[in-house]
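Read through the structure below, which is laid out as structure tokens, and then see the notes.
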């Protein structure tokens with residue numbers, strides 16, 4: 001059985017940085033080469049730049065031609081446009097929704113502060 005482990009002593013040097021060990025005796029040269037090759041494959045596979053994102057025009061990924069996708073792309077263009085407006089100001093339907101949410105949150109904060117005041121005050125004795 002071949003084990004691959006990270007060697008902290010060689011970190012930052014030009015050497016591999018991975019140590020291959022066998023569970024019995026000294027490893028042979030071919031097993032060491034195989035182990036090094038497999039560790040390099042694993043490192044490259046999990047590296048962030050192993051498979052770069054395809055550029056437009058290469059045709060690597062299919063683009064849907066559905067009307068809902070086209071509407072989604074139009075909304076994305078609208079929201080990503082740099083016109084100085086905040087997100088909730090870009091569409092007219094978002095402004096009342098935003099104001100309703102802000103007012104409900106404000107009322108909730110005031111109600112919770114009132115309830116804390118009621119719980120903190122001693123009860124009245126008659």
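Residue numbers (full-length UniProt numbering): 1 to 126. No residue lacks a Cβ here, since even glycine has one placed at the ideal position from N, Cα and C.
Whole-angstrom C-beta distance between residue j and residue i, which should lie under 8 Å
i: residue 79; j: residue 90; result: 6 Å
i: residue 82; j: residue 88; result: That pair is no contact at about 16 Å.
Three-way DSSP call (helix, strand, coil) for residue i in this model
i: residue 108; result: helix
i: residue 42; result: helix
i: residue 28; result: coil
i: residue 22; result: In this prediction, residue 22 scores a pLDDT of 49, lower than 50, which makes its location untrustworthy; the coordinate-derived value is nonetheless stated afterwards. In this structure, residue 22 counts as strand in the three-state DSSP scheme.
i: residue 11; result: Since pLDDT at residue 11 reaches only 48, below the 50 mark, its modelled position is unreliable, and the value read off the structure follows with that caveat. It is coil, neither helix nor strand.
i: residue 100; result: helix
i: residue 83; result: coil
i: residue 93; result: coil
i: residue 63; result: coil
Where the alpha helix (DSSP H) containing residue i begins and where it ends
i: residue 72; result: 67-80
i: residue 124; result: It is not in any alpha helix (DSSP H) - residue 124 carries neither H nor E in the DSSP assignment.
i: residue 87; result: 87-90
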